[in-house]
Amino acid sequence: NAGVTQTPKFQVLKTGQSMTLQCAQDMNHNSMYWYRQDPGMGLRLIYYSASEGTTDKGEVPNGYNVSRLNKREFSLRLESAAPSQTSVYFCASSEGITDTQYFGPGTRLTVL
Amino acid sequence: AQSVTQPDIHITVSEGASLELRCNYSYGATPYLFWYVQSPGQGLQLLLKYFSGDTLVQGIKGFEAEFKRSQSSFNLRKPSVHWSDAAEYFCAVGGISGSARQLTFGSGTQLTVLP
Chain F
2 NAGVTQTPKF QVLKTGQSMT LQCAQDMNHN SMYWYRQDPG MGLRLIYYSA SEGTTDKGEV
62 PNGYNVSRLN KREFSLRLES AAPSQTSVYF CASSEGITDT QYFGPGTRLT VL
Chain P
692 AQSVTQPDIH ITVSEGASLE LRCNYSYGAT PYLFWYVQSP GQGLQLLLKY FSGDTLVQGI
752 KGFEAEFKRS QSSFNLRKPS VHWSDAAEYF CAVGGISGSA RQLTFGSGTQ LTVLP
């Protein structure tokens, strides 16, 4: 039981490049989330998916897109990366009833 | 909308000393409350959670937290800190926002443990 997995762990991009961050969970959870973490700002929600086939914007969605590929997988795409998107990105999943979220190990992204 | 305040950005304690990390929340109903810990370069690990019932909840690694409705607080405590407790601690409140239940996080408290 791996929990929540994320790939890649580290990534360096140049401004304007695109990439997709992958997330998968094996806990049969309905809800999945993407956060970014920046120093002194805690975790901010980018997008979430309450259930398979649905996605919604969170607090900071600009510059990102998401796909809920199936119940297990939820990807985050940066179409044209900007230096302001340099951050650590966390994926999480939840059974959606008690709000308990389980986090992946994170992806550290640097945009030059 | 719910919100969480962690007033202490950074706390330093000596190994073996007691610890209390403060958390205040704003939420219109009975909240679901959480404490998570993040070690350097790692993801967030759930320490404990409060849903209802006994207002003193026990978590992993010897941590406990007390829910005080009158003070809108959910402070985290540990009687004797170990060097391995050095990490960043996040308080969070759960609630409905949009189409799903979500967590709102505080900005975190960085804990340094002196030998």
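Heads up: the protein sequence lines correspond to chains F and P, in order.
So the first sequence is numbered by the working numbering: it starts at 2 and just counts up by one.
So the second sequence is numbered by the working numbering: it starts at 692 and just counts up by one.
Glycine included, every Cβ here is placed at the ideal spot set by N, Cα and C.
Note that the structure is predicted; figures quoted are calculated from it, not measured.
C-alpha gap between residue i and residue j, whole angstroms
| i | j | result |
| --- | --- | --- |
| F/LEU110 | P/PHE758 | 37 Å |
| F/GLY4 | P/TYR741 | 22 Å |
| F/LYS10 | P/SER761 | 43 Å |
| P/GLU779 | P/SER730 | 6 Å |
| F/PRO62 | F/LEU46 | 8 Å |
| F/GLN12 | P/VAL804 | 31 Å |
| P/GLN697 | P/LEU710 | 15 Å |
| F/PHE91 | F/GLY105 | 6 Å |
| P/LEU794 | P/VAL772 | 27 Å |
| P/ASP776 | P/PHE765 | 19 Å |
| F/THR8 | P/ALA708 | 39 Å |
| P/GLY786 | P/PRO722 | 7 Å |
| F/GLN26 | P/LEU739 | 21 Å |
| P/LEU712 | P/ALA783 | 13 Å |
Anticipated Cβ contact below 8 Å, residue i with residue j, distance rounded
| i | j | result |
| --- | --- | --- |
| P/SER798 | F/GLY43 | 4 Å |
| F/ASP39 | F/TYR48 | Not really, about 17 Å apart at Cβ, beyond 8 Å. |
| P/LEU735 | P/PHE754 | In fact, because the Cβ distance is near 14 Å, the residues do not count as touching under 8 Å. |
| F/THR87 | F/SER95 | In fact, because the Cβ distance is near 27 Å, the residues do not count as touching under 8 Å. |
Residue of the options minimising C-alpha distance to residue i
| i | options | result |
| --- | --- | --- |
| P/GLY719 | P/THR800, P/PRO731, P/ALA692, P/THR703 | P/ALA692 |
| P/GLY744 | P/PHE754, P/LEU724, P/ILE751, P/LEU712 | P/LEU724 |
| F/THR21 | F/GLY59, F/ASN29, F/SER81 | F/SER81 |
| F/PRO84 | F/SER19, F/ASN2, F/THR8 | F/SER19 |
| F/ARG37 | F/GLU96, F/LEU79, F/ASP100 | F/LEU79 |
| P/LEU802 | P/TYR716, P/LYS769, P/SER764, P/PHE765 | P/LYS769 |
| F/MET28 | F/THR55, F/LEU14, F/SER50, F/TYR103 | F/TYR103 |
| P/HIS683 | P/GLY786, P/PHE781, P/LEU794 | There is no way to answer for residue 683 of chain P, as the model of chain P reaches only from 692 to 806. |
| F/GLN23 | F/GLY107, F/VAL112, F/LEU113 | F/GLY107 |
| F/THR16 | F/PHE75, F/GLY64, F/SER52 | F/GLY64 |
| F/ALA93 | P/TYR727, P/CYS714, P/ASP699, P/TRP774 | P/TYR727 |
| F/ARG73 | F/GLY41, F/ALA51, F/ASN66, F/GLY59 | F/ALA51 |
| P/GLN733 | F/THR6, F/GLY41, F/ASN2 | F/THR6 |
| P/PHE796 | P/CYS714, P/LYS752, P/PRO806 | P/CYS714 |
As assigned by DSSP and simplified to three states, the class of residue i
| i | result |
| --- | --- |
| P/ARG760 | helix |
| F/SER85 | helix |
| F/SER50 | strand |
| P/ASP776 | helix |
| P/ILE702 | strand |
| P/GLY785 | strand |
| P/LYS752 | helix |
| P/THR803 | strand |
| F/GLU80 | coil |
| P/THR795 | strand |
| F/MET28 | coil |
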